[in-house]
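Numbering (this note's numbering), first residue to last: 206 to 412.
Even for Gly, the Cβ is constructed at its ideal location relative to N, Cα and C.
This one's a predicted model, so the numbers in the text were calculated from it and none came from an experiment.
To start, the structure under review is shown below, and the notes come after it.
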Amino acid sequence: MFWGAGDKSSMTAADEELLDLIFPLLESLATMHKHGSELSIIIADVHIAQNGHGRLSRNDVQLDDAPSTYLREVTQRFAEQDASYNTKGTPISIHVSDLSDIYRVHNLPFLIDSNNISNEDRDVASRYANFLLGNAEKHNKARVAPEKSVLLYVARRRMEQIILRTEFPNAILIATGGRTGARDVILPSGMPGIFSGKEAPAPWFKQ
206 MFWGAGDKSS MTAADEELLD LIFPLLESLA TMHKHGSELS IIIADVHIAQ
256 NGHGRLSRND VQLDDAPSTY LREVTQRFAE QDASYNTKGT PISIHVSDLS
306 DIYRVHNLPF LIDSNNISNE DRDVASRYAN FLLGNAEKHN KARVAPEKSV
356 LLYVARRRME QIILRTEFPN AILIATGGRT GARDVILPSG MPGIFSGKEA
406 PAPWFKQ
């Protein structure tokens, strides 16, 4: 699961509401599989900076103070839940990692040149333009035209399919929102996904 951030500097009821969906799901999966279940949380620092809440350079990312503080709290919350499972002997583990660290492992570019985006990526962006433009206008605070923001988003998410395919080959992607465009934009071929189905903003965008 990718976890983002916006303007807020601390967790709110919206975050806890999502956790109240995720943790019971993990527990149900653990009872169904003898080896238990594992949750991998990817802190989407590269996405957050691209959205205008930090700065991207050739091989690094620096987040603004508010999202940094918020994400420290989120990371601590997951660590506490993981420790609780361990204490109870529940066969569930939770791991948190930064997307930027995974980029370095796969030698993926932090910066994307909008002039070098493939025709295939442009076609996908065009196919879901109405939906994606709405999100860009609401959540992207960078000084970038929404149309360009959509292109950069699609190119990045499609590039990141290599991460999902190689790092999490047997995983199920958990995501907020609906499935619109997920198969073309986010999910590698054959990877299943569980979506909250709510069209409301992700909890990290809600105060």
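Beta-carbon proximity of residue i to residue j, cut-off 8 Å
i           : j           : result
residue 254 : residue 268 : yes
residue 329 : residue 363 : yes
residue 393 : residue 369 : yes
residue 319 : residue 346 : no
residue 250 : residue 303 : yes
residue 360 : residue 317 : yes
residue 266 : residue 323 : no
residue 235 : residue 295 : yes
Where residue i sits in the DSSP three-state scheme
i           : result
residue 378 : strand
residue 316 : coil
residue 263 : coil
residue 224 : helix
residue 323 : coil
residue 238 : coil
residue 215 : coil
Limits of the unbroken beta strand (DSSP E) element including residue i
i           : result
residue 247 : 242 to 248
residue 399 : 398 to 400
Beta-carbon proximity list for residue i, same chain, < 8 Å, skipping 5 on both sides
i           : result
residue 381 : 223, 400, 401, 403, 407, 408
residue 243 : 297, 298, 299, 300
residue 274 : 214, 215
Extent of the continuous alpha helix (DSSP H) to which residue i belongs
i           : result
residue 339 : 334 to 344
residue 311 : 304 to 311
residue 283 : 270 to 293
residue 360 : 351 to 364
residue 388 : 387 to 390
Rounded C-alpha distance that separates residue i from residue j
i           : j           : result
residue 343 : residue 258 : 14 Å
residue 229 : residue 217 : 19 Å
residue 415 : residue 398 : The chain is shown from 206 up to 412; residue 415 falls before or after that span and cannot be answered.
residue 233 : residue 410 : 28 Å
residue 206 : residue 239 : 22 Å
residue 365 : residue 237 : 30 Å
residue 348 : residue 287 : 38 Å
Neighbourhood of residue i by C-beta distance below 6 Å, restricted to the same chain and skipping five residues each side
i           : result
residue 333 : 386
residue 384 : 400
residue 438 : One cannot answer for residue 438 here, as it falls past the ends of the chain, which runs 206 to 412.
Own chain residues within Cβ distance below 7 Å of residue i, not counting five before or after
i           : result
residue 355 : 330, 334, 337, 338, 341
residue 308 : 251, 315
residue 412 : 213, 217
residue 263 : 315, 316
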